[in-house]
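What follows is a single structure, written as structure tokens, with notes after it.
Number of protein chains: 2
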Amino acid sequence: MVTIMVGDFSLLPPRGMRDLVGEDAEILEYLFNEFKNYARINGFKPVIPPTLEYFKLFEKKSGEEIKRSMYVFEDKAGRLLSLRPEITASIVRIYLRLLRGLPKPVKLYYVAQCFRYEEPQHGRYREFWQAGLEVIGVRGVEGDLEAALTASSFLDKIGLEHFYEVSNVSLHRSIMSGFGIPVETQDHVLHLIDKRMNDKAIEELRNVNSDAADAMKKLIELSLDDVRQYIDEYKDVLSNYLEKLEEELDRTTRFIEILGDMGYKAVYNPNLVRGLAYYSGLIFEYKAIGGLELSIGGGGRYDGLTTVYGGPFEYSTGLALGLDRIALSIKGVKPPYRPRVLIIVLDHNLVGYAFKIKRIVEDIGAESTLYHHSKIKKALSTASKAGYDLALIIGKKEFEEKVVTVKDLRTGHQTRVASDEVVREIVEKLARI
Amino acid sequence: MVTIMVGDFSLLPPRGMRDLVGEDAEILEYLFNEFKNYARINGFKPVIPPTLEYFKLFEKKSGEEIKRSMYVFEDKAGRLLSLRPEITASIVRIYLRLLRGLPKPVKLYYVAQCFRYEEPQHGRYREFWQAGLEVIGVRGVEGDLEAALTASSFLDKIGLEHFYEVSNVSLHRSIMSGFGIPVETQDHVLHLIDKRMNDKAIEELRNVNSDAADAMKKLIELSLDDVRQYIDEYKDVLSNYLEKLEEELDRTTRFIEILGDMGYKAVYNPNLVRGLAYYSGLIFEYKAIGGLELSIGGGGRYDGLTTVYGGPFEYSTGLALGLDRIALSIKGVKPPYRPRVLIIVLDHNLVGYAFKIKRIVEDIGAESTLYHHSKIKKALSTASKAGYDLALIIGKKEFEEKVVTVKDLRTGHQTRVASDEVVREIVEKLARI
């Protein structure tokens with residue numbers, strides 16, 4: 000092996016990327032696991048979408064901010080590719096390509112990293128982990144609730160108290176459409192509201208149509224109880240959308256009610272519009288209770304997104320959780336502890352034998368590492384420093400006498416156990432940790 | 000929602016990328032899970048490396064073929080980035096940056112997708128899944144064995160019979176170095192052997208040094224029993240490497256022996272050289288038994304790779320398994336079956352109540368989906384078509400009488416169960432599936 004010093008080599012990952020190790024990696028792995036478990040027992044099936052997609056896929060409906068911040072490049076054959084900035088577009092494409100023959104509802108989950116070229120901040124990275132649920136083929140609120148409650152079960156399990164902010168963009172879209180505001184302007188106004196630039200949003204809208212601006216200003220300060228009255232007030236402007244608005248108002252109300260019945264706080268907030276241009280009705284966000292009330296995810300209806308990609312109209316709803324934010328929010332929460340066993344083999348020639356003992360420990364499901372060192376004192380000090388709970392010591396004497404020395408590293412208590420009794424002894428000892 | 004037909008839009012993912020759904024996704028998820036489980040109980044800790052790295056990281060030691068086939072592009076700030084073609088380089092970088100203070104051995108695992116711009120073939124994709132184990136800080140063969148046997152436990156668990164091909168590039172490297180062959184030529188010769196172009200490799204070597212070519216030709220046809228005699232024969236040429244070769248010969252022999260003791264066939268094959276330029280000694284590959292004897296992964300010693308990135312010398316060994324190849328090899332093997340429950344709610348107003356029943360099913364750990372339809376016949380036919388095992392039916396009558404109708408969809412047997420007895424009934428029914 001040639002050893003070249005690379006003088007200008009930096010050990011840092013590229014800006015905005017992370018090296019996840021230790022507790023940070025353990026917690027993310029724990030979140031991956033629990034999320035997938037709750038998705039599965041709630042009847043969602045896995046999809047593993049490609050990390051690279053054609054740029055075109057995201058061009059249409061991902062929202063202006065996302066488009067600006069995509070990693071885009073040409074491959075060697077000149078294809079314009081993009082590292083996915085979000086997953087729903089891929090899911091819809093894959094649904095249309097492979098899954099539209101399945102009985103409805105089609106319920107899908109994914110855990111996947113996404114990429115956005117944005118200024119890195121605390122809790123915001125250029126590569127980040129999304130866990131998502133999608134329900135295709137359900138018109139009723141039970142579809143929205145099935146996704147939402149599955150995510151809540153997961154958040155409950157990992158000990159993250161949360162509440163819902165709920166809104167419905169069908170009202171925002173309809174009122175602007177009613178006033179003849181072009182879709183691109185609508186997208187831009189909603190983008191500004193999403194960025195908490197309400198004043199700027201209303202101002203820009205006012206430059207196009209001042210009645211629309213007044214109506215919009217009123218809307219984003221509305222309480223849920225006043226929505227029906229608002230629709231009444233603007234019924235001429237909204238005349239083409241009344242049926243849809245009725246359905247969506249009913250959806251919003253029942254979504255909030257049933258979440259409440261299930262023990263989750265859900266508050267209506269018409270200021271919430273979400274950054275993605277494909278939402279068509281109910282939308283919601285998850286906020287962590289306590290501390291910074293960080294938004295840890297969200298979702299909503301995207302009925303008809305299938306048609307953007309040339310497919311038939313499908314009712315669709317879904318959500319995505321930001322696992323990095325969630326990991327930050329549960330900082331300090333520890334995944335279930337596993338006792339750790341160090342198998343110390345003192346003699347070079349007993350390595351093979353020690354691996355047989357290790358297989359026994361593996362079968363028990365305890366965590367073990369094999370460590371070869373001829374000096375027992377040195378080995379035990381390593382074991383303690385590295386935080387092991389139990390040491391199994393295998394030397395020549397132990398081998399000849401068919402025993403294993405078992406040492407509890409926290410109490411210092413040590414016993415010699417017949418090899419064929421070692422399983423029982425370990426199980427017993429570990430149960431006490 | 001505006002619905003635009005995108006005329007030129009293709010539903011296919013970019014060339015060489017895959018949309019993994021259904022059984023393909025289920026099996027990969029199952030492999031992710033089981034691999035991580037065996038890694039963890041064998042004392043390996045998770046690392047989640049960034050998907051994007053500086054191109055420089057791979058430039059030095061990944062081997063000529065990999066370098067040619069990387070996805071490389073500039074980000075918006077002009078950084079030359081690469082989608083990782085393999086993971087070990089990242090692990091070594093991360094070890095040097097964050098983990099070198101930890102007590103040895105440092106044992107790490109990862110499951111991550113890699114990217115290579117190659118001609119797609121059956122079982123070879125431009126995005127593919129690697130599962131890896133790395134052991135840093137162990138000089139003895141127990142380090143190699145701990146990684147190897149952990150992978151074997153995983154392969155056993157998923158039902159994949161396998162054997163090992165074992166080689167040791169220290170001999171190939173030393174004999175060529177002894178004859179004064181420059182490292183770049185060595186890399187190229189080994190690359191050709193790796194591509195099964197032995198004749199071309201020997202011929203190109205002969206153009207540089209015909210004695211070296213003779214020695215190399217002999218070496219790649221050697222049996223393990225003859226290695227010591229070979230070293231003797233070339234002891235003048237190898238005089239600078241004798242100690243290292245002795246250690247590596249002992250390692251190879253014991254690696255094969257102990258694997259044999261543990262029940263795994265391991266055969267010496269000096270034709271095996273592996274495509275990565277960083278290997279320094281023992282190397283091995285996993286082959287599936289039966290069928291095409293596909294190579295499903297491999298690994299080896301990469302002592303000192305740390306120094307390439309400016310760090311201190313560390314003993315290191317590791318392996319990576321190709322999960323896509325493994326998924327192909329166990330095609331037909333099914334992950335453990337979970338019975339599926341459809342909760343049919345017949346009345347719009349009972350959706351909230353039905354979600355409470357669903358939570359009970361969730362707590363049991365059974366898989367369930369909520370389905371709202373006012374026509375029971377239609378709902379049951381959907382349930383059967385979609386392959387559910389059990390239906391829980393909740394209508395107005397059931398709600399008022401505080402019962403749930405439980406229907407076994409395979410036998411057609413149907414009972415009415417008191418709501419507070421529903422858990423016991425489901426558990427009992429599911430146990431019989």
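First to last, the sequence lines map onto chains L and A. As numbered in numbering that gives the first Met the number 0, the first sequence has no gaps in its residue numbers, which increase by one up to the final residue, 432. As numbered in numbering that gives the first Met the number 0, the second sequence has no gaps in its residue numbers, which increase by one up to the final residue, 432. Beta carbons: idealized from backbone N, C-alpha and C, even for Gly.
Got a sec? Which residues, its chain only, sit under 6 angstroms from L:Leu82 by beta carbon, not counting five neighbours each side? Tyr70 and Phe114
Could you confirm whether any beta carbon from chain L is found closer than 7 angstroms to the beta carbon of A:Glu429? The identity of residue 429 of chain A in the sequence shown is Leu, whereas the question assumes Glu. It does not: the Cβ of A:Leu429 has no partner Cβ on chain L nearer than 7 angstroms.
Contact residues within the stretch 231-252 of chain A, judged by C-beta distance below 9 angstroms to chain L: Listed by position, the residues of the stretch 231-252 of chain A near chain L (Cβ gap below 9 angstroms) amount to none.
Using a Cβ cut-off of 7 angstroms, pull out every chain L residue sitting near A:Lys75, in sequence order please. One finds Tyr116 in chain L with Cβ atoms closer than 7 angstroms to the Cβ of A:Lys75, taken in chain order.
Check whether the Cβ atoms of A:Thr149 and A:Tyr53 lie closer than 7 angstroms to each other. no
Have a look at L:Met196 and A:Thr306 and give me their C-alpha separation to the nearest angstrom. 51 angstroms
Rank L:Thr184, L:Glu141, L:Leu320 and L:Tyr301 by C-alpha distance to the C-alpha of L:Phe312 and give the top, closest one. If we check each option's Cα against that of L:Phe312, L:Tyr301 comes out closest.
Within 10 angstroms of the Cβ of A:Leu322, are there 16 or more other Cβ atoms? Answer buried if so, exposed if not. buried
Quick one: is L:Ala385 near chain A, going by C-beta distance under 7 angstroms? Yes, because at least one Cβ of chain A sits closer than 7 angstroms to the Cβ of L:Ala385.
Per-residue contacts from A:Asp419 into chain L (C-beta, under 9 angstroms): Ordered by position in chain L, no residue passes the 9 angstroms Cβ test against A:Asp419, which lies about 18 angstroms from the chain.
Is the Cβ of A:Tyr314 closer than 7 angstroms to any Cβ of chain L? no
With DSSP run on the structure shown, which of helix, strand or coil describes A:Gly262? coil
Nearest to A:Lys106 by CA position, among A:Leu132, A:Asp346 and A:Leu304, is which residue? A:Leu132
Burial state of L:Gln228 (16 or more Cβ within 10 Å): exposed
For a cutoff of 7 angstroms on Cβ pairs, would you count A:Asp193 as touching chain L? No, A:Asp193 lies away from the interface with chain L (no Cβ there is under 7 angstroms from its Cβ).
Using alpha carbons as the reference points, say which of L:Ile342, L:Lys355 and L:Asp388 lies closest to L:Ser373. L:Ile342
Is the CB of L:Pro311 under 7 angstroms away from at least one CB in chain A? no
Three-state secondary structure (DSSP) of L:Val422: helix
Which residues in the same chain as L:Phe153 place their Cβ atom closer than 7 angstroms to its Cβ, once the five residues preceding and following it in sequence are excluded? Correct list, in chain order: Glu33, Phe34 and Tyr37.
Against L:Phe72, what residues of chain D qualify as contacts under a CB-to-CB distance less than 7 angstroms, listed in chain order? Of the protein chains in this structure, namely L and A, none is chain D.
Using a Cβ-Cβ cut-off of less than 7 angstroms, give me the residues of the stretch 77-90 of chain L that come near chain A, in sequence order. Those residues of the stretch 77-90 of chain L placed with their C-beta closer than 7 angstroms to a C-beta in chain A are Arg78 and Leu80, ordered along the chain.
Within 7 angstroms of any Cβ in chain A, is that where the Cβ of L:Ala130 sits? Chain A contact via Cβ: absent.
Report yes if the C-beta distance between L:Gly15 and L:Tyr124 is below 7 angstroms; otherwise report no. Taking 7 angstroms as the Cβ cut-off, L:Gly15 and L:Tyr124 qualify as a contacting pair.
Taking a Cβ distance cut-off of 7 angstroms, strictly less, list which residues of the stretch 259-272 of chain A are near chain L, in chain order. The residues in question are Asp260 and Met261.
Please report how far the alpha carbon of L:Glu160 lies from the alpha carbon of A:Lys357, in whole angstroms. 21 angstroms
Please report how far the alpha carbon of L:Val226 lies from the alpha carbon of L:Leu248, in whole angstroms. 8 angstroms
Using a Cβ cut-off of 7 angstroms, pull out every chain L residue sitting near A:His371, in sequence order please. Within chain L, the residues near A:His371 are Gly139 and Glu141.
Going along the chain, which residues of its own chain have a beta-carbon closer than 7 angstroms to the beta-carbon of L:Phe127, five neighbours each way excluded? Gln112, Cys113, Gly321 and Asp323
Any chance the stretch 196-209 of chain A sits against the stretch 285-300 of chain A, with 3 or more Cβ pairs inside 8 angstroms? no
Within 7 angstroms of any Cβ in chain L, is that where the Cβ of A:Phe34 sits? no
Between which two residues does the alpha helix (DSSP H) harbouring L:Ser173 extend? Counted as a single uninterrupted DSSP element, the alpha helix (DSSP H) harbouring L:Ser173 occupies residues Val168 to Gly177.
DSSP state of A:Arg358 mapped onto helix, strand, coil: helix
Judging by CA-CA distance, which residue of A:Ile375, A:Lys395 and A:Arg409 is the nearest neighbour of A:Leu389? A:Arg409
Which residue's Cα is closest to the Cα of L:Ser418: L:Lys428, L:Gln129, L:Phe398 and L:His412? L:Phe398
In chain order, what residues of the same chain lie with their CB nearer than 8 angstroms to the CB of L:Thr402, ignoring the 5 residues before and after it? Note on identity: in this sequence residue 402 of chain L is Val, with Thr being the wrong assignment. Cβ neighbours of L:Val402 beyond the five flanking positions: Arg415, Val416, Ala417 and Ser418.
Residue(s) in a DSSP beta bridge with L:His412: None, per the DSSP bridge assignment.
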